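Take a look at the structure set out below.
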Amino acid sequence: MKNLGYYNGKTGLINELSVPLTDRAFYFGDGVYDAVMCRNNIPYLLWEHIDRLYKNCQILGIVPPMCKNELSLTIKELVQKVEGEEKFVYFQVSRGSGIRNHSFTEGEGNLCIMIKPQPLDNVYEKMDTVLKEDIRYELCYIKTLNLLPSVLTAQAATEKGCEEAILHRGSIVTECSHSNVSILKNGTLITAPCDKYILPGVTRAHLITAAYENGIEVKEEKYTVKDLYEADEIIVTSSSKMARGVKTIDGKAVGGKDENTLSVLRDTLYANYLNATNK
Ligand code: PLP
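Taking our numbering, the leading residue of the sequence shown gets 5, the next gets one more, and so forth.
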């Protein structure tokens, strides 16, 4: 198949499968999601993403319609039906169904999965970015379907021909529209702490591990917009980007002063991905 959609047990092409209007994802964005890259039909770090999804469900009181193991098996089975060496696998659980009413009653959630061919980003290519005020609320640590502020900042980046919007709350850098952002300064990796203002990215966690493994000091602490501009390198991480350097912010050249440490981290993450997904 060219791509595949799954909704509560039904499968079909993504643009042909329909969702009932009663799904709370539809009018409240009342649900959570996660996503992984898949190569050679091996979804990369699937368990860590499933684990985050179920933690998010627990925080919000959403009841997934199947256990973690069953979801893992379902995804592994479905990826085989879609053509392509590299694919993007998206999965979401909404709170469930009902006539529109803000408050909810107990019940099982709806599971939706979408799989499409998509190559991993070119990890060696540094990206252009824009800087935007972080206008999100205080649930950024939950991977909720409510992404309106992220949609707007991502669109602002696209309209400037850039790939990401780096976000800040006042003077403090938080993360990006759909990735985490860290900096290198004097050989140290500095990355925002996991508080309510950032999503604890799986790739961010692997970046930190890669740093420790390669003897690079790590500081999980807040850093400022000034630090960002003065950084030796800026690193954007996500499942589909892995670890990529930043070339410009709002057209101004940034980083480019510690290619060596950047390449150690980037190459470690990329090699881990390739090794784990070899046939
Ligand atoms: N931060 C935000 C807001 C995201 O949407 C994402 C991914 O979608 C990330 C960070 C990166 O998370 P991960 O590395 O788990 O893909």
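All C-beta atoms in this analysis are idealised placements derived from N, C-alpha and C, irrespective of residue type, glycine included.
Computed from a prediction, not measured in an experiment: that's the story for all the values here.
Supposed contact pair residue j and residue i - C-beta distance, whole angstroms, cut 8 Å
i, j, result
"Arg-140", "Tyr-31", "About 20 Å; that fails the 8 Å criterion."
"Val-36", "Leu-149", "7 Å"
"Glu-87", "Lys-6", "7 Å"
"Leu-188", "Asp-271", "Contact flag wrong, Cβ pair sits at about 14 Å."
"Tyr-274", "Val-127", "5 Å"
Any non-hydrogen atom of ligand 1 within 8 Å of residue i CB
i, result
"Thr-207", "yes"
"Thr-162", "no"
"Leu-203", "yes"
"Glu-179", "yes"
"Thr-241", "yes"
"Cys-144", "yes"
"Ser-154", "yes"
"Asn-276", "no"
"Lys-136", "no"
"Asn-60", "no"
"His-1", "With the chain covering only 5 through 283, there is no way to say anything about residue 1."
"Arg-270", "no"
"Arg-56", "yes"
"Lys-147", "yes"
"Ser-22", "no"
"Ala-280", "no"
CB of residue i within 9 Å of CB of residue j, strictly
i, j, result
"Leu-75", "Leu-115", "yes"
"Ile-79", "Gly-9", "no"
"Pro-68", "Tyr-58", "yes"
"Ser-243", "Ala-29", "no"
"Asn-184", "Gly-165", "no"
"Leu-211", "Ile-239", "yes"
"Cys-61", "Gly-100", "no"
"Phe-108", "Met-41", "no"
Residue from the options with nearest C-alpha to residue i
i, options, result
"Thr-195", "Ala-161, Asp-231 and Glu-163", "Asp-231"
"Lys-256", "Leu-135, Ile-79 and Leu-21", "Leu-135"
"Met-246", "Leu-17, Ala-214 and Asn-282", "Ala-214"
"Asp-27", "Ala-280, Gln-96 and Ile-54", "Gln-96"
Beta-bridge partners of residue i, as assigned by DSSP
i, result
"Val-258", "Val-258 pairs with nothing; no bridge assigned."
"Phe-92", "Met-41 and Lys-120"
"Ala-247", "Thr-241"
"Ala-235", "Bridge partners of Ala-235: none, in fact."
"Thr-178", "For Thr-178, which the question treats as bridged, DSSP gives no partner whatsoever."
"Arg-173", "Ile-176"
"Pro-47", "Cys-42"
"Asp-138", "None, per the DSSP bridge assignment."
"Leu-188", "Leu-193 and Glu-237"
"Val-36", "Val-97 and Thr-148"
"Asn-114", "Ser-98"
"Lys-14", "Tyr-11"
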